[in-house]
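**Q** The structure is given below, and queries will be raised subsequently.
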Amino acid sequence: MLLLLSSVVPVSIVGAYGIFSSTTALSDLSRTKLEGQAKDQSEQIEATLNRIGSDTLFLGNAPELQNILQAQNVNKDNSIQQLQKVFAALIKTRLYYMQVRYLDEKGQEIVRVDSDGKEVKVIPEGELQNKGDRPYFTETMALSPSTLYVSAVELNQEQGKIQTPLSQQFGMPHRLKTLLAIDEEL
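Quick note on my numbering: the sequence shown kicks off at 29 and runs consecutively.
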C-alpha cells in the first residue's frame, strides 16, 4: 500500500502541474492572439474613419459644393449637376460607400448618390428625402461649422422605412452651413 501511494502521489502532482502549466500556457497564447486581433481591428477601424473623414472634408471644400452654398438660384441647377458628378466619381472609386449626400439646413437632400457596390445611381430630385428628423442630422447640426461627427451604427432607412435586405450603416457628416454625409455599409 505504501509503495502504491509513493507512486501515485508524485505522478498525481506531476500530472496536476502539467495540466496547470498547459492551461496557463494556452490561456496566455489565446489572450495574446485575441489582443493582436483586437489591435488589428482597431487599426482598421481607425483607418476607415480617417479615410471617410478625409473624403468628407475634401467634398466639403469642393468648388462644386461651395458654388451651391454661395449660389442664390443663379446657376444652382448647374452646380447641383456638377456636384452629382463629383459624388458619383467618389462613390465609384470607394465601393464600400453606400450613399453620399448633401442636405440643406432643414435636412432636405439636395444631392444624393447611392451605390450597391456594383451600380451607382444619382437620385432624381423627385425622390430626394428630408432627413431632418434623423439623429445624425440633428446631432451634426448642433455642432459648430467645419466639425466632423461619427454617427451611431443603425439600419438604413429610406422613405421612413427600414431598407431590406437589412444593411447596417454609419455615417460621418460634416457640419458646414448645411450638412454633407457619407454613409458606409458595415
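From the three backbone atoms N, C-alpha and C, an ideal C-beta is built for every residue, glycine too.
What residue ranges within the segment 122-155 form continuous beta strand (DSSP E) runs of no fewer than 3 residues, ordered along the chain?
**A** The segment 122-155 contains these whole beta strand (DSSP E) runs: 125-131, 137-143, 148-150.
**Q** Buried or exposed, going by whether 16 or more other CB atoms sit within 10 Å of the CB of Phe115?
**A** Buried, by the Cβ-count rule.
**Q** Could you check the C-alpha separation between Ser55 and Gln69 for me, to the nearest Å?
**A** Their backbone Cα atoms lie some 21 Å apart in a straight line.
**Q** Sorted by chain position, which residues of the same chain lie with C-beta nearer than 6 Å to Val141's C-beta, five sequence neighbours on each side aside?
**A** The answer, listed in chain order, is Phe115, Ala116, Ile119, Val128, Val150.
**Q** According to DSSP, is Gln185 helix, strand or coil?
**A** Three-state result, Gln185: strand.
**Q** What did DSSP end up calling Asn95 once you bin it into helix, strand or coil?
**A** Note: Asn95 maps to helix in three-state DSSP.
**Q** Tell me whether Asp144 is buried or exposed, calling it buried when 16 or more other Cβ atoms sit within 10 Å of its Cβ.
**A** It is exposed - the Cβ of Asp144 has fewer than 16 other Cβ atoms within 10 Å.
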